[in-house]
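Below: one structure, written as structure tokens.
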Amino acid sequence: TTRVIEALALNHRPRRLPVRLERGSYEVIIGSGLVERAGALLSAILPQKRAIVISDAHVAELYLHPLLEALSDSGFSVQSLVVQPGEKSKSLEEFQRLTDAILEHKVERRTAIIALGGGVVGDLAGFVAASTLRGLPFVQMPTTLLSQVDSSVGGKTGINTKWGKNLIGAFHQPAVVLADVSTLATLPLREIKAGYAEIVKSGLIGDPDLFAWCEKHGEDVLSQDPNTLAEAVEKACAFKAAVVTEDEFERKAEGGRALLNLGHTFGHALEAEMGYDGSLLHGEAVSIGLRLAFMLSVRLGYCPQEDLDRLTAHLDALEMPSRISQLGRPFAARTLLDHMTRDKKMQDGKLTFVLVRGIGQAFTCRDVQAQAVHDVLVDDGCAP
Ligand code: NAD
Ligand code: MG
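Heads up, the UniProt record's numbering is the position in the sequence shown plus 204, with the first residue counted as 1.
Structural data, given as structure tokens:
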């Protein structure tokens, strides 16, 4: 019984992770039951007991009421605004509707915007916070695994345009991130797996111990064990925080934030080809893209075959997406390559990719032959 009590105590003591930046730092607080304790936690951090919560309809139905109650119990005056779930809400129209409503509420410079939801809500509400009155205090309360391990940390906010995703936005760091892992209990397994791919990615980029931890505990993450989830979120956030500290505004030509795109060039091509209709989640595309990046690194002689085999074995053991052929429709290597060259300028048939020298050793490579990428895609079952 003492062990059970210790486990419970551990469960209820949130983990606090600092994100250190030049102009000050903020904390990522990770634990269970943080929605119910948000009033007390935020009273200590925010400059004013006034806030506007932005959420989406799915999340609002589940967690908005408890959050509003917790905030008003701590003396906050609080209003809420709800958007439709889904990527479509990251639009100029929704941005305008929200800022209009917020200004109508006569907010002050110290009124906080709280994002309660996944990456869509976080990016949209973050951009609203960044731009309304030239910047309001912002709180991230991520409720998907992807947003807890990735999008809520680092300060990137933004919306989509007809020219592409995330093309209008701002860097706006939160005052605090409250990652309540108990909210993940209602998240579908498919979304959990999509977020898990970004955790695996962190290990593959620069933290071999994290990848080894995933091999040991990945199954418990996917079965949504709260303590293991909290540990996974903490490890992945610690990794992302270190990268962000080193390259807050993505200015480094080598390394830095660019490495976070491991597997993403392949992933984005698959997403673009599938048409962003929800049939392929970003994290699913990344999961397949990670293995393709390893295949490319092996083909170019940078990475030992054993490391690729280890990654494949891990993804397959957890029934994570790992091969293009699992997407259930044919792809042409040429078409995917077209997507990759569309937004990046290709020079002399060469492309820039994040590659690996092995697990935990990613680097930026500026002269990858398009032909090698083509061959890897064909190797994974694409038509030429
Ligand atoms: P999402 O926000 O669309 O959430 C996925 C789905 O889960 C939605 O239908 C949502 O309503 C639902 N949901 C959320 N929390 C839930 C919960 N606890 N229980 C049940 N359902 C829940 O998707 P996402 O994967 O969290 O985020 C994707 C977005 O994040 C993309 O727009 C992407 O561009 C962005 N992103 C941003 C960054 C960054 O650095 N800013 C990084 C990565 C991704
Ligand atoms: Mg990503």
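Note that beta-carbon positions come from the ideal geometry of N, C-alpha and C, so glycine has one too.
Problem - Spatial distance of Q344 from L285 (CA atoms) - result: 15 Å
Exercise for the section: Leaving out five residues on either side along the sequence, give the residues of the same chain with a beta carbon under 7 Å from the beta carbon of L519. Expected result: Its chain contains S491, R495 and S526 as the residues whose beta carbon lies nearer than 7 Å to that of L519, once the 5 sequence neighbours on both sides are disregarded; these appear in chain order.
Practice task
Could you tell me whether any non-hydrogen atom of the ligand MG is closer than 8 Å to the CB of G487?
Solution key: For the ligand MG, a non-hydrogen atom lies closer than 8 Å to the CB of G487.
Problem - Sequence ranges, beta strand (DSSP E) only - wholly within the stretch 232 to 289, length at least 3 - result: DSSP runs (the beta strand (DSSP E)) wholly in the stretch 232 to 289: 254 to 260 and 281 to 287.
Problem - Cβ-based burial, F453 [other Cβ within 10 Å; buried from 16] - result: exposed
Exercise for the section: Run the proximity test for L340: is its beta-carbon closer than 8 Å to any non-hydrogen atom belonging to the ligand MG? Expected result: In this structure, L340 has its beta carbon at no less than 8 Å from each heavy atom of the ligand MG.
Practice task
Find out if the Cβ-Cβ distance for the pair F470, A446 is shorter than 9 Å.
Solution key: no
Problem - Close-in-space but distant-in-sequence residues of the same chain around D384 (CB under 6 Å, 5 per side omitted) - result: L238 and V239
Practice task
Classify A457 as buried or exposed, calling it buried when 16 or more other Cβ atoms lie within 10 Å of its own Cβ.
Solution key: exposed
Exercise for the section: Please state if the CB of P251 and the CB of R314 are separated by a distance shorter than 9 Å. Expected result: Yes; because the gap between Cβ atoms is below 9 Å, this pair is in contact.
Handout entry: Member of L225, A374 and D451 whose CA lies at the smallest distance from the CA of R461
Key = D451
Handout entry: Contacts around A442, its chain only, beta-carbon distance under 8 Å, and the 5 residues preceding and following it disregarded
Key = L221
Exercise for the section: Answer yes or no: the CB of V325 versus the heavy atoms of the ligand NAD, is any distance below 8 Å? Expected result: yes
Handout entry: the ligand NAD heavy atom lying under 8 Å from the CB of P392
Key = yes
Handout entry: Contacting residues, own chain, Cβ-Cβ under 8 Å from H421 (five flanking each side not counted)
Key = For H421, the CB contacts under 8 Å within the same chain, skipping 5 residues up- and downstream, are T432, E435 and A436 in chain order.
Handout entry: Proximity to L552 [Cα-Cα], best of R538, V572 and T568
Key = It should be pointed out that residue 552 corresponds to Asp in this sequence rather than to Leu. Between D552 and the set R538, V572 and T568, the nearest pair of CA atoms involves V572.
Problem - P218 burial status per 10 Å Cβ neighbour count (16 or more: buried) - result: buried
Problem - C-beta contact flag for S236 and S386 at 9 Å - result: yes
Practice task
State yes or no: is the C-beta of P430 nearer than 8 Å to some heavy atom of the ligand NAD?
Solution key: no
Handout entry: G493 burial status per 10 Å Cβ neighbour count (16 or more: buried)
Key = buried
Exercise for the section: Verify whether the separation of the beta carbon atoms of L302 and V448 is less than 9 Å. Expected result: no
Practice task
Answer yes or no: do G326 and S355 have a C-beta to C-beta separation smaller than 9 Å?
Solution key: yes
Exercise for the section: With a 10 Å radius around its C-beta and 16 neighbouring C-beta atoms as the bar for buried, classify D511 as buried or exposed. Expected result: buried
Handout entry: Span separating the alpha-carbon of I234 from that of L382
Key = 6 Å
Problem - the ligand NAD heavy atom lying under 8 Å from the CB of V343 - result: no
Practice task
Please state whether DSSP places K439 in a helix, a strand or coil.
Solution key: helix
Problem - Cα-Cα separation between A379 and A319, rounded to whole angstroms - result: 12 Å
Handout entry: Which of helix, strand or coil DSSP assigns to F453
Key = coil
Handout entry: Whole-angstrom distance between Q283 and P534, CA atom to CA atom
Key = 48 Å
Problem - Check whether T567 and L463 have beta carbons under 9 Å apart - result: The amino acid at residue 567 is misidentified as Thr; the sequence shows Phe. Yes.
Handout entry: Rounded distance between the beta-carbons of V404 and S501, thought under 8 Å
Key = Wrong, their Cβ atoms sit about 16 Å apart, outside the cutoff.
Handout entry: Closer than 8 Å: L464 CB and nearest the ligand MG heavy atom
Key = yes
Practice task
Could you tell me whether the Cβ atoms of V353 and K294 are closer together than 9 Å?
Solution key: Result no, Cβ atoms of V353 and K294 do not sit closer than 9 Å.
Problem - Secondary structure of F535, DSSP reduced to three states - result: Of the three classes helix, strand and coil, the one that applies to F535 here is coil, per DSSP.
Practice task
Determine the closest residue to I306 out of L340, P289, K292 and G290, with distance taken between C-alpha atoms.
Solution key: L340
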